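Presented below is the structure to which this report refers.
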Amino acid sequence: MIDPQLLRDNPDLVRRSQEARGDSVALVDEAVAAEVSRRDAIAAFEQLRASQNQFGKQVAAAPKDEKKALVAQAQSLAAEVKAASAAASDAEAEFHRIVGSIGNPILDGVPAGGEDDFVLIKTVGDRPTFDFTPRDHLELGELLGAIDMSRGAKVSGARFSFLSGIGARLEIAIMNMGLDRAIAAGFIPLITPTLVKPEIMRGTGFLGEHADEVYHLADDDLYLTGTSEVALAGYHSDEILDLEAGPIRYAGWSTCYRREAGSAGKDTRGIIRVHQFNKLEMFSYVLPADAEAEHERLLAQQEGMLRDLGLSYRVIDTAAGDLGSSAARKYDVEAWVPTQDAYRELTSTSNCTTYQARRLDIRYRTESGKTAPVSTLNGTLATTRWIVAILETHQREDGSVVVPEALRPYLGGLEILEPVA
RNA sequence: GGAGACGUCGCAUAGUUCGGCCUAGUGCACCACCCUGCUAAGGUGGAGUACCCUAACGGGUACCGAGGGUUCAAAUCCCUCCGUCUCCGCCA
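In this note's numbering, each residue's number is its place in the first sequence (first place is 1) plus 35.
And the structure:
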């Protein structure tokens with residue numbers, strides 16, 4: 036949720052953000068109006084309630100013979116209070132509904148527009164070149180006995196896979212490499228629940244426009260998380276955190292589930308876009324003033340991983356329209372995928388400023404002793420999809436794949452992945 | 001899945017029998033000040049969260065796991081749900 040104070044003080048800033056995102060600007064004015072009626076309704080209710088409380092004391096103190104008359108008198112007041120109370124909670128709900136649908140105001144410098152309007156920040160590493168026709172990740176995966184899509188489809192349907200043999204080991208290796216680095220950088224490992232309650236899913240902002248991307252278990256009213264960000268953000272919900280000693284950082288390890296509802300026909304081959312994968316996610320709770328610096332830290336962690344895995348990549352500053360509602364800025368790190376002749380997203384890191392924390396009620400104590408929402412940030416540190424870029428980048432003519440040095444310790448020293456007979 | 005107990009303002013507890021004197025008492029911890037010649041004890045006061053009104057001082061409302069209900073009035077009565085613990089059953 037955005038800061039209601041911002042709505043009063045600087046609605047223009049919110050309007051500009053909505054505009055850049057391609058979202059409704061009129062919503063801002065609706066929100067301002069809803070705020071006024073909310074306050075009026077609350078004031079009216081509280082005044083009535085105060086007089087009812089006063090009256091209650093009179094009744095309690097009155098001698099027996101006067102009580103009956105007083106009680107009769109209080110009945111109409113009670114009805115008024117009830118009506119005013121209902122009006123106040125309606126106005127409150129309406130206000131939250133409207134304000135809740137306004138996206139996090141973007142940070143300075145975030146480009147306006149949609150998916151293609153990103154700003155390129157940097158390109159790192161030489162694109163691999165081959166003196167043979169490179170195989171795509173699925174062909175390689177099958178040669179290596181690492182990826183089995185057809186059995187995935189047999190058991191669970193399209194967009195499900197089995198990682199077998201070296202494929203399974205490769206995924207665990209990537210995840211473990213990420214975990215070791217995360218621990219070294221002060222992140223606390225956390226294996227998170229992947230089923231969460233509606234309020235947590237809503238609080239993290241995933242039940243907005245993209246609600247159809249989320250699996251829902253109707254019988255239990257629980258949601259399958261598409262990223263451990265959800266559980267990591269919910270972890271400290273309704274808490275007041277002590278950030279005196281610095282940011283609180285977690286590395287969440289979980290399986291992720293996505294319906295991929297809007298991507299029919301897109302990336303249907305291999306494991307680029309599947310319904311289920313594993314991911315190690317960084318998540319930081321920081322003071323608002325430290326959020327942008329933390330964002331750069333998360334990005335640096337991600338770049339370190341890609342660089343040491345020998346991948347060629349670029350970093351982009353995602354355009355406003357391509358941000359989730361919670362993010363005020365998002366950097367994607369995209370690796371070069373030779374057979375697609377394109378950069379594909381391997382990691383994403385978002386600065387949600389205080390937006391997510393406000394929804395989930397995560398606060399810290401300011402110097403004056405007041406409470407204020409913290410800032411939250413998240414970023415991928417390792418995920419199944421990386422197998423795609425690693426296989427394709429480091430492949431050789433015979434279908435074998437050279438293991439990047441940094442990854443070898445996690446594969447028992449294995450240097451070359453050899454095709455199975 | 002069955003039976004039972006419990007969920008109170010940081011922690012621990014009182015209050016729930018018979019609704020109003022509980023806008024919630026007490027202890028510990030905490031903060032400020034006082035006293036004290038000493039790493040202690042004592043005294044006084046303060047102290048939760050959110051929202052609303054106010055220039056400010058200050059005032060008001062809500063919150064006793066969550067949500068409904070009964071009532072002039074609910075921590076206290078009723079219903080639903082959630083969580084914790086104990087016992088039993090079932091299953092990897």
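C-beta: ideal position from N, C-alpha, C; glycine also. Note that the structure is a prediction, hence the values are computed from the model and not measured.
What are the boundary residues of the beta strand (DSSP E) that residue i is part of?
i      : result
Tyr292 : 283-292
Thr418 : 410-418
Asn313 : 311-321
Asn45  : Element bounds for Asn45: n/a, residue is neither H nor E.
Asp367 : 364-372
Tyr399 : 397-400
In this structure, how does DSSP classify residue i when only helix, strand and coil are distinguished?
i      : result
Met36  : coil
His429 : coil
Leu179 : coil
Tyr258 : strand
Ser272 : coil
Ser298 : coil
Ala377 : strand
Val265 : helix
Ala253 : coil
Ser52  : helix
Leu452 : strand
Val436 : strand
Ala280 : coil
Leu242 : coil
My understanding is that residue i touches residue j, with C-beta atoms under 8 Å, so please give their C-beta distance in whole angstroms.
i      : j      : result
Ala489 : Ala362 : Residue coverage of the chain in this structure runs from 36 to 456, which leaves residue 489 outside it and unanswerable.
Thr419 : Ile306 : 6 Å
Tyr258 : Pro233 : 7 Å
Val368 : Leu341 : 6 Å
Tyr292 : Gly261 : 6 Å
Thr158 : Arg349 : 4 Å
Leu42  : Val67  : 6 Å
Glu264 : Phe318 : 6 Å
Leu225 : Gly287 : 5 Å
Phe195 : Ala203 : At roughly 15 Å, the Cβ-Cβ gap does not stay under 8 Å, so Phe195 and Ala203 are not in contact.
Ser385 : Leu412 : 7 Å
Leu452 : Arg443 : Contact doesn't hold; Cβ gap of about 11 Å is too wide.
Val154 : Asp352 : 4 Å
Ile141 : Arg364 : 7 Å
Gln53  : Ile182 : With 8 Å as the limit, Gln53 and Ile182 do not qualify as a contact, their Cβ atoms being about 42 Å apart.
Distance, Cα to Cα, residue i vs residue j?
i      : j      : result
Leu62  : Val49  : 10 Å
Gly91  : Ile133 : 37 Å
Ala354 : Gly149 : 6 Å
Leu205 : Gly180 : 12 Å
Glu331 : Gly297 : 31 Å
Ala474 : Phe312 : Lying before the first or after the last residue shown, residue 474 is absent from the chain, which here runs from 36 to 456.
Glu316 : Ala113 : 52 Å
Ala392 : Met212 : 29 Å
Asp376 : Ile223 : 37 Å
Ala128 : Asp75  : 14 Å
Ala266 : Lys103 : 55 Å
Ser72  : Val106 : 32 Å
Ala121 : Arg84  : 12 Å
Glu440 : Arg431 : 16 Å
Glu402 : Pro163 : 53 Å
Gly356 : Ser59  : 12 Å
His245 : Tyr399 : 30 Å
Asp143 : Gln87  : 50 Å
Asp64  : Asn139 : 16 Å
Thr382 : Ala123 : 44 Å
Ser323 : Ser410 : A small correction: the amino acid at residue 323 is Pro; Ser does not occupy that position in the sequence shown. Their Cα atoms are separated by approximately 5 Å.
Glu329 : Ala119 : 46 Å
Arg186 : Pro282 : 44 Å
Thr239 : Ala69  : 23 Å
Met236 : Leu278 : 25 Å
Ala280 : Met210 : 28 Å
Gly135 : Ser272 : 17 Å
Gln337 : Cys387 : 18 Å
At what residues does the alpha helix (DSSP H) containing residue i begin and finish?
i      : result
Ile235 : 233-238
Cβ of residue i within 6 Å of any heavy atom in the ligand MG?
i      : result
His251 : Of ligands this structure carries none, so the ligand MG is not represented either.
Exercise. Which parts of the region 64-144 are runs of the alpha helix (DSSP H), unbroken and 4 residues or longer, counting only runs that do not cross its ends?
Worked result: 99-135
Problem set entry | Minimum length 4: unbroken alpha helix (DSSP H) runs contained in the region 325-358 | 326-343
For this session: Output the residue ranges of the alpha helix (DSSP H) runs that lie fully inside the region 142-226 and measure 4 residues or longer, sorted by chain position.
Result: 172-178, 184-191, 201-219
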